[in-house]
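Protein chains in written order, with this note's numbering: chain A, 1 to 116; chain B, 1001 to 1113.
Working notes for the structure below.
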Amino acid sequence: DAMVIQNPRYQVTQFGKPVTLSCSQTLNHNVMYWYQQKSSQAPKLLFHYYDKDFNNEADTPDNFQSRRPNTSFCFLDIRSPGLGDAAMYLCATSLGRLAGPQETQYFGPGTRLLVL
Amino acid sequence: GDSVTQMEGPVTLSEEAFLTINCTYTATGYPSLFWYVQYPGEGLQLLLKATKADDKGSNKGFEATYRKETTSFHLEKGSVQVSDSAVYFCALPSGGGADGLTFGKGTHLIIQP
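Here it is in structure tokens:
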């Protein structure tokens, strides 16, 4: 089945130690997104790639970076995690821009990050 | 900017009760509207969508109708089950192209046997 895959499902890191979260997709979608979801809150968009074009949300901290080496994979790098970065990180994809009426966003299962 | 307001929970119902979760939106134009469901510890799953006014999205017994007159997209189900216990998010495209989704705050639904 075509899907969005996130590894690992749970990640523990230490305060200030760089960590990378992974996302892959078999949908061959052009757009990949990263959201941060803190406990009991709605997901908040961090950034997205339309193909190779990177789009950062204005309020995304510089501590968060992303890489998309090819269509299938996208990575979220947190350079120096703080306690406040503990959250669920959700990867999502869409074939094209969401403004199109046929577009839908598909989510992976998420990676829960714990910062000690 | 475009935004979504949904009723906040928790909403607690007995099994087989009728469910309504209210969602209203503010948007330029007539964007697609979505309901996503999140089970404990999991990512978001698309529950249903509607792409234009008067469209009805439906899935797994859930329905929502796109009402442009009232700018609403309320989620309904005639008879809920314990397995429907989850958090439900109403959402719409953030606008300006591929800018992701803007979500409501989520409604935690608890179904008691």
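Think of the CB as a built atom: it goes at the ideal place given N, C-alpha and C, for glycine as much as any other residue.
The model shown is predicted, which means the values in this text are computed figures rather than measured ones.
- According to the DSSP assignment, residue 1025 of chain B belongs to the beta strand (DSSP E) that extends over 1023 to 1026.
- For the C-beta of residue 1113 of chain B, not a single chain A residue is nearer than 8 Å; the gap to the nearest is close to 24 Å.
- Chain order gives the chain A residues near residue 1046 of chain B as 104, 105, 106 and 107, where near means a beta carbon separation below 9 Å.
- With respect to chain B, the C-beta atom of residue 10 of chain A has no partner C-beta closer than 7 Å.
- Taken residue by residue, none of the stretch 57 to 72 of chain A has a beta-carbon sitting less than 7 Å from a beta-carbon on chain B.
- Per DSSP, the unbroken beta strand (DSSP E) holding residue 112 of chain A starts and ends at 111 to 115.
- Judged by beta-carbon spacing, residue 25 of chain A lies beyond the 7 Å limit of residue 1101 of chain B, meaning their Cβ atoms are not closer than that value.
- Judged by DSSP in its simplified three-state form, residue 1104 of chain B adopts coil rather than helix or strand.
- In this structure the stretch 1080 to 1091 of chain B lies against the stretch 1009 to 1018 of chain B, because at least three pairs of beta carbons, one per stretch, are closer than 8 Å.
- With respect to the C-alpha of residue 1035 of chain B, the residue from B:1074, B:1070 and B:1078 having the closest C-alpha is B:1074.
- Short of 7 Å from the beta carbon of residue 1053 of chain B, and not among the five residues preceding or following it, lie these beta carbons of its own chain, in chain order: 1030, 1066 and 1068.
- Taking the C-beta atoms as reference points, residue 1004 of chain B is found no nearer than 7 Å to residue 1109 of chain B.
- Each of B:1013, B:1001 and B:1002 was checked against the Cα of residue 1113 of chain B, and the nearest Cα belongs to B:1013.
- Taken in chain order, the members of the stretch 24 to 42 of chain A whose beta-carbon sits within less than 8 Å of a beta-carbon on chain B are 31, 33, 35, 40, 41 and 42.
- For residue 101 of chain A, the chain B residues whose Cβ falls inside 8 Å of its Cβ are 1032, 1051 and 1052, in order along the chain.
- A distance below 8 Å between beta-carbons, with the five flanking residues on each side excluded, links residue 1061 of chain B to the following residues of its chain, in chain order: 1077, 1078 and 1079.
- Remark: C-beta atoms of residue 30 of chain A and residue 96 of chain A approach each other more closely than 7 Å.
- Less than 7 Å separates the beta-carbon of residue 109 of chain A from that of residue 1043 of chain B.
- Excluding residues up to 5 positions away in sequence, 34, 54, 55, 56, 57, 60 and 66 lie with their Cβ nearer than 7 Å to the Cβ of residue 47 of chain A in the same chain.
- Rounded to the nearest angstrom, the gap between the Cα atoms of residue 69 of chain A and residue 23 of chain A is 11 Å.
- With a threshold of 7 Å between beta carbons, residue 1001 of chain B makes no contact with chain A.
- The beta carbons of residue 113 of chain A and residue 86 of chain A sit closer together than 7 Å.
- Annotated three-state conformation of residue 1037 of chain B is strand, per DSSP.
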